[in-house]
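To start, the structure itself, in structure tokens.
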Amino acid sequence: MKMTKYKFVLVLLFSPLFIFPQNNNLVENISKIPNDVKWVVTSSEYELLCEQIYRTAWLSMKHKLKIMDNPVIIMDLDETVLNNSEYQINLFMEGEEYKSNTWNRFVKKEISTLVPGAKDFIEKYKKNTNAKIIYISNRDASTLAATKNNMKTLGIYREEDVFLLKKDKDDSKVIRREEVFSGTGRMKTYGSQKIIAYFGDAAGDFPNDEKYEFGINKFIFPNPMYGEWD
1453 MKMTKYKFVL VLLFSPLFIF PQNNNLVENI SKIPNDVKWV VTSSEYELLC EQIYRTAWLS
1513 MKHKLKIMDN PVIIMDLDET VLNNSEYQIN LFMEGEEYKS NTWNRFVKKE ISTLVPGAKD
1573 FIEKYKKNTN AKIIYISNRD ASTLAATKNN MKTLGIYREE DVFLLKKDKD DSKVIRREEV
1633 FSGTGRMKTY GSQKIIAYFG DAAGDFPNDE KYEFGINKFI FPNPMYGEWD
């Protein structure tokens, strides 16, 4: 039987994975979860919107892929491929704010779920010969093994894909994209890469390049829960 998102929230809140103590006020607190998190966790609109974006991306790309060798796309991870709303619920229930140590602990639990539509898109894309994904994420580089394990569990990890996680505070996504374009640094083994599409949930996930347009080869996902807005 398919579990509704509301039931899923209830399961999460009473799960032993949560670090807060269980009490009789939990059901009442569900209604108090901030609307941004509640929208992601419970609304059909969020699910449909993400699926629509991935479907649009596939329709835009599929004909090009038939005539391309070695296609490469760049994807962000969090709230683009992986859904981390459980971490946001944890913060709310504990009355805490984001901290890198609690975030890293959450990542190392390997319990992120999938953004709607992500798996179907990735599976279709990977059917193309030598199709590669470069994941550029601000997850800490120390969480690489946990991230890969989580993605293996979700059925979306592929050995040939590349992970460029953040090695220190100065390691911006701009720097990592430049390594991809130039085939330097962490990308020296792979050589220069030509990117056919970008996927992310924030403006910083995309280069300022006139060759790329939103809805054609840049695809942005809704994330009202955290981050910065332009």
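Take the sequence shown: its letters are residues 1453 to 1682, numbered as in my numbering. Glycine residues also receive a C-beta, built at the ideal position from the N, C-alpha and C atoms.
- In this structure T1532 is not in contact with F1666, their Cβ atoms being roughly 14 Å apart against a cut-off of 8 Å.
- Under the three-state reduction of DSSP, V1632 is assigned to helix.
- Taking N1669 as the centre and dropping the five residues before and after it, the same chain places the C-beta of A1649 closer than 6 Å to its C-beta, in chain order.
- Closest option to L1596, judged by alpha-carbon separation, among Q1540, V1614, L1511: V1614.
- In the three-state reduction of the DSSP assignment, A1570 falls in the helix class, which pools H, G and I.
- The bridge partners DSSP lists for G1652 are I1672.
- Straight-line measurement puts the Cα of L1543 at about 39 Å from the Cα of Q1645.
- When the beta-carbon positions are compared, I1586 and L1606 stay at least 9 Å from each other.
- Listed in chain order, the non-local C-beta contacts of L1529 below 6 Å within the same chain comprise Y1587, S1589, local neighbours out to five positions each way being set aside.
- When C-alpha distances from S1564 are compared across N1487, I1627, N1602, D1623, the shortest belongs to N1602.
- Under the three-state reduction of DSSP output, D1488 falls in the helix class.
- Residue nearest to S1495 within the set S1537, M1520, T1554 is S1537 (criterion: CA-CA distance).
- By the neighbour-count criterion, in which 16 or more other beta carbons inside 10 Å mark a residue as buried, G1652 falls on the buried side.
- I1608 places its beta carbon less than 9 Å from that of L1566.
- Put simply, the stretch 1569–1582 touches the stretch 1511–1521. At least three CB pairs are less than 8 Å apart.
- Annotation for I1505: the continuous alpha helix (DSSP H) segment containing it runs 1496–1517.
- Secondary structure of M1677 (DSSP, three-state): coil.
- Between the alpha carbons of K1600 and V1489 lies a distance of about 25 Å.
- Following the DSSP letters along the chain, one finds R1557 inside the alpha helix (DSSP H) bounded by residues 1552–1561.
- Ranked by Cα distance from A1570, the options T1508, Y1550, M1520, D1620 are led by T1508.
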